[in-house]
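Scroll down for the structure; my scribbles are underneath it.
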Amino acid sequence: MCSERAGSNLITKMFDAHPKVCGPSPKHILNPVLRNLFRYKDLNNVRNWEYLLNDIYQLIEVNFSIWKKEFTRTELFDLAPPGEISTLLKNIFNAEALQNKKQHIFIKENQIYQIMTYILTFFPRAKFVYQVRDPRDMALSWKKSTIHHGGVIQAARRWKLDQQQFAKEHFLLKQQKRSILVKYEELITDPEMYLRDICRALDIEYSSSMIKFYQIEETKINANKNIAWSNLSRKVISQNKNKYLDELTEKEIKCIEKICYPEMSFFNYQTENSISELDNITEKELKEFDTIEQELYLNKENIRQEVYKNIEAKKVFYHKIMN
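Numbering of the sequence shown is given in this note's numbering, commencing with residue 337 and proceeding in unit increments.
Here is the structure:
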């Protein structure tokens, strides 16, 4: 459970470097598939099932990220009989784990709270890692990205929504000993200590190889495929925090803090501005600044072809119309 631009790929690759854990680079399968299953109607119907699997195959085939396992269409269709969506999804990830000779799967998926009912139903033994990052650094990373819509206002609103939803899920899952919270800033400052804590919560023995994630060949390849993942080819950057102080304007920082203040307080992120200063910012000002940022977004560099193809492959699920 983690916002985009908040270190989810880092922790996934750390676990991928564990000798018993497979943490595949994201293909973003679960969210678009599970949120749109209803569009395919009766999945016991062979025709409907084939439509779904064809769309999943097209999504997996996009060269957005590299897995060791390369599925043929026939192999994908053989993973589960019609209607067995949970079996299908489990076997897709299990096939990648098997290819890597691993026993466990660590999956990164955006906005997992949107599909939590499915996850808890299909994966009843699943455990969760909830990672949170300072919204000002998250927004800075979002602003720099060529694939994320808008600027710091859009980023801050997403961060706020994500934490509201993730914290809600974490609250109950923690009581069931199925979820652990870690701050990105803590993880990069002392990765071994916090990885030990996380492994303990997941009932997995810590391995020192997790710190050497950047040496894994597939991690290097994927880091070179997407500029947003470029840091994964290097050691943990312990100073990759508080960068907003030098790279965001005072206005940007103030707007982020205005939007995220309640959640920042909950996670003990100290603001640069007083409550009275933040209270002076109106919703109208935020909307006006957001409009300016939206215009600047149009001038961002063109996204890489593989990223664009992944976006288009996901759209298919949301636009599916079955007769």
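For each residue, glycine too, the CB sits at the ideal point set by N, CA and C. Remember, predicted model here, so these are calculated numbers, not experimental data.
Could you tell me whether the Cβ atoms of A416 and T423 are closer together than 9 Å?
yes
Measuring alpha carbon to alpha carbon, tell me which residue in Q439, N430, M474, D539 is nearest E521.
M474
Start and end residues, alpha helix (DSSP H) containing K426
421 to 435
Look up Y520 in the DSSP assignment and say whether it is helix, strand or coil.
helix
Quick one, are the C-beta atoms of P471 and K444 less than 9 Å apart?
no
Quickly, what does DSSP pair S515 with across the bridge? List them, please.
F464
Express the C-alpha separation of L568 and K556 in angstroms, rounding to a whole number.
Rounded to whole angstroms, K556 to L568 spans 7 Å at the Cα level.
Can the beta-carbon of L366 be found closer than 9 Å to that of L425?
Yes, the pair counts as a contact, with Cβ atoms nearer than the cut-off.
Within 10 angstroms of its Cβ, does Y530 collect 16 or more other Cβ (buried), or is it exposed?
buried
State the start and end residues of the unbroken alpha helix (DSSP H) segment that holds S612.
611 to 615
Kindly indicate which three-state DSSP category H506 falls into: helix, strand or coil?
helix
Give the range of the alpha helix (DSSP H) segment to which Y387 is assigned.
382 to 397
Assign V357 to one of three DSSP states: helix, strand, or coil.
strand
N- and C-terminal bounds of the alpha helix (DSSP H) containing Q641:
641 to 654
Identify, in the order they occur along the chain, each residue of the same chain with its Cβ nearer than 6 Å to the Cβ of F660, setting aside the five sequence neighbours on each side.
Absent from the structure is residue 660, since the part of the chain shown begins at 337 and ends at 659.
To which residues does DSSP link H440 through a beta bridge?
DSSP, once it has assigned bridges, lists V357 as partnering H440.
Buried or exposed by the 16-neighbour rule on C-beta atoms within 10 Å, applied to V488:
When all chains shown are included, V488 counts as buried.
Quick one: measure Cβ to Cβ for Y654 and N372, integer angstroms, because I've assumed they're closer than 8 Å.
6 Å
Would you say K363 touches the ligand MN, meaning its beta carbon is less than 8 Å from a heavy atom?
As for the ligand MN, it is missing from this structure, which has no ligand bound.
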